[in-house]
Amino acid sequence: MDSPEPKRTVSREDASKESMAISRQVIGINFCGPTPLMWRADELKSARELGIIGTLVGSLARQPRQNTRLGRPLELLPEEGRLLADMGRAAVIPDSTNEDPEVNPEQVQQYHAGMENSFQEQGAMALEDRKTTLLRVMTAKHNGEGTSSLTYRHLCDTSESCVLALTPLCFLLEDSGSQEDSNGAVRDRLEALDHGFSFPRTAMAVQLCTARAGLSHCPEVRRLLATDWPIPRDERSETRFRVFRDLRRQGFYLTSAGKFGGDYLVYPGDPLRFHAYFIVVCISMDESMPLCDVLAIARLGSNVKKTVLLCSSGESQEDDGEEVVYTSLQWSGMV
């Protein structure tokens, strides 16, 4: 009798070391066009511990026809993916579909061998199908069933590859004067099938691959059109990233604020535990903003009980010396 295995005990120190190892792992990020995505559950956990929230956009395997509860992948904001890359915690997983794979002669040979094997199997199945149809015709003729209706029904039930061979037989059975002649014709036809049967390649069923083949460009154009990290470096994206990074350094959690008319929602802690305090609107330092837009965003923030922050990046272009200027807007009644 086997003795039970001893239970494995884990100390707090080992657990903390394991947790630190998991938290220090490099997170792999895939790109779907310009959108960064994360797929692995342990990497989602590591990103959450770093304050990266993202948005789940995938469907659940057991509940695919609903959109109230979503699953992987996790869609990241461009600023979230770039921040992880700047921290050295993320790496882009190359998309193999955009690469020009080399032709492997062995794979080509295996493909042609598989096609030939499939052709032989389908030819044998077509021969058996044709023999079965002829035997049904002969059996029905012995039972006294009408030849015209029988042959027409069998032509409808028979595959397209057998119709051309069965049509002359149907006319032969209709023109035969006696039952013995028709049976003899069927027997002769059965014997001739084994020697003169030919299955055309045009009737062969071929599996169609439904996977997308990728861009139909030459390798040079593919490399030119490929999305490199980080995503666009225009003035607005730089302002958004600097504001995002500065707020994250202060310990705030950020998510997208598209439904509130801003760039980010700012939380004092994990969004699962806290409500958002601020709506961030990122603008350039020298950008003018119409007064009507200022009043509209201020009233919107008041209606949803949040403070609006107008955030601009300072003149310094250095990462360590830059300054982010914050201006809070809060709508209040007449005094």
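Heads up: the sequence shown is residues 1 to 335, going by the UniProt record's numbering. The beta-carbon is built from N, C-alpha and C at its ideal position, and this holds for glycine as well.
**Q.** T239 beta carbon less than 8 angstroms from that of S312
**A.** Start at 1 with the first residue of the sequence shown, and residue 312 comes out as number 312. Start at 1 with the first residue of the sequence shown, and residue 239 comes out as number 239. A contact, by the Cβ cut-off of 8 angstroms.
(Q) For N67 and V57, what's the separation of their Cα atoms in angstroms? (A) Translated into the one-based positions of the sequence shown, residue 67 becomes position 67. Translated into the one-based positions of the sequence shown, residue 57 becomes position 57. Whole-angstrom Cα-Cα distance: 9 angstroms.
Q) Roughly how many angstroms lie between the CA atoms of V325 and A61, to the nearest whole one? A) On the sequence shown, position 325 is the one that residue 325 refers to. On the sequence shown, position 61 is the one that residue 61 refers to. Each residue's Cα considered, the two are about 45 angstroms apart.
Q. Mind checking whether V281 and V308 have CB atoms under 8 angstroms apart?
A. For this step, residue 281 is matched to residue 281 along the sequence shown. For this step, residue 308 is matched to residue 308 along the sequence shown. Their beta carbons are under 8 angstroms apart, which means V281 touches V308 by this criterion.
Q. Among C32, G28, G33, P34, which has the Cα closest to the Cα of S46?
A. Here residue 46 is taken as the residue at index 46 of the sequence shown, counted from 1. Ranking C32, G28, G33, P34 by Cα distance to S46 puts G28 first.
**Q.** Inter-residue Cα distance where the pair is L84 and A298
**A.** For the purposes of this step, residue 84 is identified with residue 84 of the sequence shown, where counting begins at 1. For the purposes of this step, residue 298 is identified with residue 298 of the sequence shown, where counting begins at 1. Distance between the alpha carbons of L84 and A298: 32 angstroms.
**Q.** C-alpha gap between A90 and G81, whole angstroms
**A.** Taking the sequence shown and counting its residues from 1, the one referred to as residue 90 is at position 90. Taking the sequence shown and counting its residues from 1, the one referred to as residue 81 is at position 81. In a straight line, the C-alpha of A90 is about 8 angstroms away from that of G81.
Q: Identify every residue that forms a DSSP beta bridge with E80.
A: As a first step, residue 80 is located in the sequence shown; it is residue number 80 there, counting from the start. Answer is none; E80 lacks a bridge partner.
Q) For P73, does the three-state DSSP call read helix, strand or coil? A) To locate residue 73, count along the sequence shown from 1; it is residue 73. P73: strand per DSSP, three-state reduction.
Q) Where does N30 sit, in a helix, a strand or coil, going by DSSP? A) Position 30 of the sequence shown, counted from the start, is the residue given in the question as residue 30. Correct three-state label for N30: strand.
(Q) Distance check for T139 and A165, CA to CA, integer angstroms please. (A) Here residue 165 refers to the residue found at position 165 when the sequence shown is read from its first residue. Here residue 139 refers to the residue found at position 139 when the sequence shown is read from its first residue. Because A165 carries a pLDDT of 48, less than 50, the predicted location of this residue cannot be relied on, and the following value inherits that uncertainty. Roughly 19 angstroms between the two C-alpha positions.
**Q.** For A91, the three-state DSSP class (helix, strand or coil)
**A.** Counting from 1 along the sequence shown, the entry for residue 91 is found at position 91. A91: strand per DSSP, three-state reduction.
Q. Buried or exposed: F274, going by 16 or more other Cβ atoms within 10 Å of its Cβ?
A. The count along the sequence shown starts at 1 and reaches residue 274 at position 274. So F274 ends up on the exposed side.
(Q) Between E79 and F252, how many whole angstroms is the CB-CB distance? I'm expecting something under 8 angstroms. (A) Here the question's residue 79 lines up with position 79 in the sequence shown. Here the question's residue 252 lines up with position 252 in the sequence shown. Contact flag wrong, Cβ pair sits at about 13 angstroms.
**Q.** Presumed contact (8 angstroms Cβ cut-off) between G261 and L300, rounded CB distance
**A.** By one-based count along the sequence shown, residue 261 stands at place 261. By one-based count along the sequence shown, residue 300 stands at place 300. Between L300 and G261 the Cβ distance is about 6 angstroms, and since that is below 8 angstroms, they are a contact.
Q: Tell me, please, which residues DSSP counts as bridged to Y326.
A: The residue labelled residue 326 in the question sits at position 326 within the sequence shown. Answer is C311, bridged to Y326.
Q | Distance CB(F31)-CB(V92) smaller than 8 angstroms | A | By 1-based counting over the sequence shown, the position of residue 31 is 31. By 1-based counting over the sequence shown, the position of residue 92 is 92. Contact: yes.
Q) When the Cα atoms are used, what is the spatial distance from S302 to V294? A) As a first step, residue 302 is located in the sequence shown; it is residue number 302 there, counting from the start. As a first step, residue 294 is located in the sequence shown; it is residue number 294 there, counting from the start. Straight-line Cα distance between these residues: approximately 12 angstroms.
Q.
I'd like the list of long-range same chain contacts for V26, defined as Cβ closer than 6 angstroms, with 5 residues on each side in sequence excluded.
A. Start at 1 with the first residue of the sequence shown, and residue 26 comes out as number 26. Cβ neighbours of V26 beyond the five flanking positions: A91.
Q: Mind checking which residues open and close the alpha helix (DSSP H) that includes G301?
A: Residue numbering aside, residue 301 sits at position 301 when the sequence shown is read from its first letter. From DSSP, the alpha helix (DSSP H) with G301 extends over 291 to 303.
Q.
For E323, count the other beta carbons within 10 Å of its own beta carbon; 16 or more makes it buried, fewer makes it exposed. Which is it?
A. Numbered from 1 along the sequence shown, position 323 holds the residue referred to as residue 323. With fewer than 16 other Cβ atoms within 10 Å, it is exposed.
Q | Exposure of G269, with buried meaning 16 or more beta-carbon neighbours within 10 Å | A | As a first step, residue 269 is located in the sequence shown; it is residue number 269 there, counting from the start. The residue is exposed, with fewer than 16 neighbouring Cβ atoms inside 10 Å.
Q. Are the Cβ atoms of E75 and L37 separated by less than 8 angstroms?
A. Taking the sequence shown and counting its residues from 1, the one referred to as residue 75 is at position 75. Taking the sequence shown and counting its residues from 1, the one referred to as residue 37 is at position 37. Against a cut-off of 8 angstroms, the Cβ pair of L37 and E75 comes out as a contact.
Q. Taking Cβ positions, are S59 and G51 nearer each other than 8 angstroms?
A. Numbered from its first residue, the sequence shown carries residue 59 at position 59. Numbered from its first residue, the sequence shown carries residue 51 at position 51. No, the pair does not count as a contact, with Cβ atoms beyond the cut-off.
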